[in-house]
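Colleague: Note that UniProt numbering has the sequence shown beginning at 1, numbered continuously upward.
Glycine included, each C-beta is placed from N, C-alpha and C at the ideal position.
Provided herewith is a single structure, encoded as structure tokens, for subsequent inquiry.
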Amino acid sequence: MTKISPQVFQAPAPPGIVWRPEDTTPAIPICPDTVYREDMLKTIEETIKSLDGELRKLSLDIHGHPELAYEEKHAHDVGTAFMEGRGFKVTKHYHLETAWLATYSHGTGGRTIGVNSDGRLAVGHGCGHNLIYISGIAVALAIKAVFEKFNISGKIQLLGTPAEEGGSGKVKLLDSGCYKDMAACLMCHPAPGPKGSISLSSCLALERIQVEYFGHTAHAALSPWEGRNALDAAVLGYNNISALRQQLRPTHRVHGIFEGKDWAPNIIPDYAKFICYVRAPTRAEQQQTLKRVLPCFDAAALATGCTVKVTFLGATYDLRQNKALSDEVAHIVRSKYGAIDYEWGIKSASTDFGNITYDLPSLHPGFAIPTVLDGGNHTSAFEKAAGTMQAHYATLDVSKALAAVGVRVIIDDNFFAQVKKTFEEDKEVRDLVTN
């Protein structure tokens, strides 16, 4: 396959694979401009270029070994081995069985930059985690090269983070204090989008709810009046939400699935479960919508004579993209690699990295990879797209920009002061809205 330029994707995509919107978007011209420490950015670019083949091999290895949440044993083992061989001190099974920490220190003192690598890639839930995985590694190794060449004092903490979807692995690591030493934390996530686009959109805050209904079994034909139908209760709860949805803002999402046990057509179910997700653009808005959703479950239980138990399974927050970090990555991308947008990325999805952005200055850009029509995130088509060369080089570009931002966090005191200032300003805003 002809190598595609890592700056402007001029080569055609494979048959059926297109950039959003379709293949009509022209290649985005690069408009060179001065960026902070061009000499260090050159080292970052050279380092990532030298790692191209190894990162591609690692990406395809992770891509070829899909693993479910908290079962990322292969991703854990290959990632720790990869970083051990490149001068990082590695802690395996770091607070969680499939989490890991790779640390590199240079000089004395200095700030710590945090980077995340997700390893989860389950068929049917394709989200390009193989690309996120190698991006974190590329960023960490590029910053290490800058530390060594320019004799910079500082520390890199690369976290291998499991169970991003559904398991909230980063939230558990955050609660365990794994982010406490980081001055800032960086990662990225692929999604459909225009060619060369890197997105600074947010994501939706999410609350996961388990709703269990308990009734009474009976013969569905012989004596149905003896029963209390738990499945009817779950269906009514679902329908109540459908009616409520007419009065919810179009940016809010409520959706879910039914589960049961020992169901048979001729037996009235005495147990049913409804797994429900409630999402909104911010944590504060999500909590307001949740207050309207919960009575839907109680009403369904009352109507069917069942009892209900609501269990909160965990929450992830919206992404609070740090303004100073965002402005810096936007300048680098526009100057060197492509374009910035605020409409693509994972704007209407959710991620556990949102909780990290509430706790410390953080940056989580999305980046575009080519997909088939109707083949966005969480489809097998997107999983295939995440294995293409186009997706690989898009990953390397965003990794270069993130590494450059990470270096500036370490060496530029004035810039880091602005990072902290914008974090505190955003914190005041969100606290005011919440209260």
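For L131, which of helix, strand or coil comes out of DSSP?
Modeller: helix
Colleague: Whole angstroms are fine: how far does the CA of P190 sit from the CA of N130?
Modeller: 10 Å
Colleague: Output yes or no for whether 9 Å exceeds the beta carbon distance between D52 and F150.
Modeller: no
Colleague: Quick one: which unbroken beta strand (DSSP E) runs of 3-plus residues sit fully inside the region 346 to 380? Chain order, please.
Modeller: 366 to 368
Colleague: Determine whether the beta carbon atoms of F367 and I198 lie at a separation below 9 Å.
Modeller: yes
Colleague: Mark F423 as exposed unless 16 or more other C-beta atoms lie within 10 angstroms of its C-beta, in which case mark it buried.
Modeller: buried
Colleague: Curious, which full-length alpha helix (DSSP H) runs of at least 4 residues does the UniProt domain "Peptidase M20 dimerisation" (211 to 293) contain?
Modeller: Within the UniProt domain "Peptidase M20 dimerisation" (211 to 293), the complete alpha helix (DSSP H) runs of at least 4 residues fall at 230 to 244.
Colleague: Identify which residue in A404, G387, L313 has its Cα closest to the Cα of G64.
Modeller: Of the residues A404, G387, L313, the one whose Cα lies closest to the Cα of G64 is G387.
Colleague: If you run the structure through DSSP and keep just helix, strand and coil, what is L101?
Modeller: strand
Colleague: Could you tell me whether the region 360 to 376 touches the region 217 to 224, where touching means 3 or more Cβ pairs closer than 8 Å?
Modeller: These segments do not touch.
Colleague: Assuming G110 and I410 are in contact, meaning their beta carbons sit under 8 Å apart, how far apart are those beta carbons, in whole angstroms?
Modeller: 6 Å
Colleague: Count the CB pairs spanning the region 313 to 329 and the region 254 to 265 that are closer than 8 Å, and state whether there are at least three.
Modeller: no
Colleague: Within the continuous beta strand (DSSP E) that includes K89, where are the two ends?
Modeller: 89 to 91
Colleague: Taking the C-alpha atoms as reference points, what is the distance between V308 and V405?
Modeller: Straight-line measurement puts the Cα of V405 at about 49 Å from the Cα of V308.
Colleague: To the nearest angstrom, how far is it from the Cα of Y358 to the Cα of K427?
Modeller: 8 Å
Colleague: Tell whether a beta-carbon distance below 9 Å holds between D232 and T311.
Modeller: no
Colleague: Run the CB neighbour count on E425, radius 10 Å, all protein chains shown included, and call it buried at 16 or more, exposed below.
Modeller: By the neighbour-count rule (16 or more Cβ atoms within 10 Å), E425 is not buried but exposed.
Colleague: Where do the N-terminal and C-terminal ends of the alpha helix (DSSP H) with Q390 fall, by residue?
Modeller: Start and end: 389 to 411.
Colleague: With the cut-off set at 9 Å, would you say C203 and G314 are in Cβ contact?
Modeller: no
Colleague: Which residue's Cα is closest to the Cα of D352: L363, L41, E343?
Modeller: Nearest of L363, L41, E343 to D352, Cα basis: L363.
Colleague: Might you give, ordered along the chain, the residues of its own chain that have their beta carbon closer than 8 Å to the beta carbon of V429, omitting 5 neighbours on each side?
Modeller: none
Colleague: DSSP three-state call for E72: helix, strand or coil?
Modeller: coil
Colleague: On the DSSP letters alone, give me the boundaries of the beta strand (DSSP E) that V171 sits inside.
Modeller: Taken as a continuous stretch (DSSP letters only), V171 belongs to no beta strand (DSSP E), being part of the alpha helix (DSSP H) at 169 to 175.
Colleague: Strictly by DSSP, which residues pair up with T311?
Modeller: According to DSSP, T311 bridges with Q210.
Colleague: Taking H252 as the reference, give the member of I132, K347, C127 with the closest Cα.
Modeller: K347
Colleague: Helix, strand or coil: how does DSSP classify P190 here?
Modeller: strand
Colleague: When you compare only the Cα positions, how much space is there between R208 and I152?
Modeller: Cα to Cα, R208 sits roughly 43 Å from I152.
Colleague: Assuming I152 is part of the alpha helix (DSSP H), what are its boundary residues?
Modeller: Where I152 is concerned, there is no enclosing alpha helix (DSSP H), given that its DSSP letter is neither H nor E.
Colleague: Count the CB pairs spanning the region 90 to 102 and the region 68 to 80 that are closer than 8 Å, and state whether there are at least three.
Modeller: Touching, yes.
Colleague: Take S333 and list the residues in its own chain whose beta-carbon comes closer than 6 Å to its own, dropping the five residues that flank it on each side.
Modeller: Correcting the residue type first, residue 333 is Val in the shown sequence and not Ser. The residues are I198, I340, A401.
Colleague: Pick out whichever of E383, Y213, K170 has its Cα sitting closest to the Cα of A300.
Modeller: Y213
Colleague: Beta strand (DSSP E) containing T112: first to last residue?
Modeller: 112 to 118
Colleague: Would you identify the three-state DSSP class for D341, choosing helix, strand or coil?
Modeller: strand
Colleague: Please check the pair L158 and M83, which I expect to be a contact at CB under 8 Å, by giving their CB distance rounded to whole angstroms.
Modeller: Sure, about 7 Å apart at Cβ, within 8 Å.
Colleague: Can you give me the start and stop residues for the beta strand (DSSP E) that I197 sits inside?
Modeller: Here the sequence assigns Ser to residue 197, which means Ile is not the residue at that position. 197 to 199 is the span of the beta strand (DSSP E), which, as asked, contains S197.
Colleague: From the DSSP output, in three-state form, read off T34 for me.
Modeller: Here T34 sits in coil by DSSP.
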